[in-house]
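J.: The sequence shown begins at 1 in full-length UniProt numbering and counts up one residue at a time. Don't be surprised by glycine CBs; every beta carbon is placed ideally from N, CA and C. One structure coming up, written as structure tokens, with questions to follow.
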Amino acid sequence: MVLEWTSQSPGLNPMENLWRDARKIKDNAADWHNLMLKWDKLNNDGFQCATNIADVNVAISLTCDARSNTGLSLKGFSFVQVVIVAKMEHLMSVQRGIQDLEEFQFGPEGRTLPLCHSWKTQEFEESSRVLLAAFSQELKLKQVILQELAHTAVADLHMVYLSCWLHQPFIPAQTRLALEALLLETGHRSL
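Put into structure tokens, the structure is as follows:
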């Protein structure tokens with residue numbers, strides 16, 4: 001008895017596989033959006049904490065204990081941002097898994113029908129890659145700022161660190177546009 005190998009799950013028709021992949025991609029897009037909102041809130045809260053550290057360093061009358069307590073709370077913001085980037089890496093690995101599964105099932109050219117409105121799976125993966133790269137770089141910058149801010153006594157340097165924290169130079173406008181395109185494509189945003 002010879003068994004034939006099929007690339008589909010037993011008992012599922014191709015439309016059910018299509019629905020599951022599309023649902024997973026839509027869920028990933030929603031997760032990207034939620035993680036970005038959490039990141040923005042943490043960025044604003046972390047900026048307030050970083051401002052307090054800079055104020056403590058400038059004010060001679062405050063004690064060293066206040067400086068170290070504020071530094072610990074800023075490390076908490078940084079730790080949560082590390083967790084957010086780890087979740088983003090997980091979303092990227094899920095997206096790669098969907099892409100690999102599609103290549104296995106349909107070959108290197110992928111599906112003939114798009115999963116959502118018009119994008120192929122490769123375009124979802126590319127958007128995820130752009131988002132992950134931007135937030136990973138920004139996290140590295142925030143970790144450097146965290147290390148340097150508490151040990152700097154120069155007010156001008158404090159201002160540079162604070163402006164870098166607030167304006168997030170590694171998350172350009174294109175990153176936000178990539179997320180919006182992802183949300184539009186998956187139907188989470190309407191035109």
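Classify H158 as helix, strand or coil using the three-state DSSP reduction.
T.: helix
J.: Anyone know if the C-beta pair for S78 and G46 falls short of 9 Å?
T.: yes
J.: Indicate whether M92 and L37 have their beta-carbon atoms separated by less than 9 Å.
T.: no
J.: Is the Cβ-Cβ distance between L130 and Q95 less than 9 Å?
T.: Note that residue 130 is Val in the sequence shown, not Leu. The answer is no: Cβ separation not under 9 Å.
J.: Please classify H121 as buried or exposed, where buried requires at least 16 other C-beta atoms within 10 Å of its C-beta.
T.: For clarity, residue 121 is Thr in the given sequence; the question names His instead. Buried, because 16 or more other Cβ atoms sit within 10 Å of the Cβ of T121.
J.: Verify whether the separation of the beta carbon atoms of L182 and W32 is less than 9 Å.
T.: yes
J.: Just to confirm the assignment: which complete alpha helix (DSSP H) runs, minimum length 4, are found wholly within the segment 90-125?
T.: none
J.: Using a 10 Å radius around the Cβ and a threshold of 16 neighbouring Cβ atoms, would you call D27 buried or exposed?
T.: exposed
J.: Let's test the definition: count the other Cβ atoms within 10 Å of the Cβ of W19 and tell me whether it reaches 16, buried, or not, exposed.
T.: With fewer than 16 Cβ atoms within 10 Å of its Cβ, W19 is classed as exposed.
J.: Relative to the C-alpha of I84, which candidate in D100, N43, N52 has its C-alpha closest?
T.: N43
J.: DSSP three-state call for Q137: helix, strand or coil?
T.: helix
J.: Measure the C-alpha to C-alpha separation of M1 and G107 and round it to an integer number of angstroms.
T.: For M1, the predicted structure reports a pLDDT of 47, less than 50, and the residue's modelled location is therefore unreliable. A value from the coordinates is still provided. In this structure, the straight-line span from the alpha carbon of M1 to that of G107 is close to 28 Å.
J.: Taking DSSP as the reference, what is the three-state secondary structure of S190?
T.: coil
J.: Between the Cα of N52 and the Cα atoms of H188, L149, I98, which residue gives the shortest distance?
T.: N52 has its Cα closest to that of L149, out of H188, L149, I98.
J.: As a quick exercise: from S128, A30, G76, T152, pick the residue whose alpha carbon is nearest that of G97.
T.: S128
J.: Please list, in chain order, all residues of the same chain as E138 whose beta carbon is under 6 Å from its beta carbon, the five residues on each side excluded.
T.: Q168, F170, I171
J.: Can you tell me which of the three DSSP states Q174 falls into?
T.: helix
J.: Consult DSSP for H167 and reduce its assignment to one of helix, strand or coil.
T.: Here DSSP, grouped into helix, strand and coil, assigns H167 to helix.
J.: Buried or exposed, going by whether 16 or more other CB atoms sit within 10 Å of the CB of S61?
T.: With a pLDDT of only 34 at S61, under the threshold of 50, the placement of this residue in the model should not be trusted, and no figure is reported.
J.: Rounded to the nearest angstrom, what separates M88 and T152 at their Cα positions?
T.: 32 Å
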